[in-house]
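These notes concern the structure reproduced below.
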Amino acid sequence: MFVIKLPNGNLMVPESAVDADGRVVGDAYVEVRPADPEYARLAQQAVSEQELEDRKRRWRDGDEALRREFEMYLANRGRAGQDSTGQD
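Numbering that gives the first Met the number 0 puts the last residue of the sequence shown at 87; the count rises by one with no breaks.
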């Protein structure tokens, strides 16, 4: 998850909800305004929404060869995880 700088200057910052045992029960984004004491520190690592979309696109483009390889694997083994002899 990334710190995202919004067009209005605020930041969307990832935050996790943790139960009493320290286990993560959920992830969300919270909006942080420039007046927040943590804003300057968080802004140093922030990316714009466009930069985030560009990164996601590059990851998807880079994963295309891996996706094709996995699809060939599934086609050779069968979608149920069986090999060509019907064995697991």
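Glycine is no exception: its CB is placed at the ideal position from the N, C-alpha and C atoms.
Inter-residue distance for V23 and P13 is about 13 Å (C-alpha atoms, whole angstroms). Secondary structure within the segment 37-63: the alpha helix (DSSP H) runs of 4 or more consecutive residues, fully enclosed, are 38-42, 48-61 (chain order). By the Cβ-count criterion, M71 is exposed, with fewer than 16 other Cβ atoms from all chains shown falling within 10 Å of its own Cβ. Per DSSP, L5 lies in no beta strand (DSSP E) segment and is marked neither H nor E.
An exposed status is given to L73, since fewer than 16 other beta-carbon atoms sit within 10 Å of its beta-carbon. A64 and K55 have their alpha carbons spaced roughly 16 Å apart.
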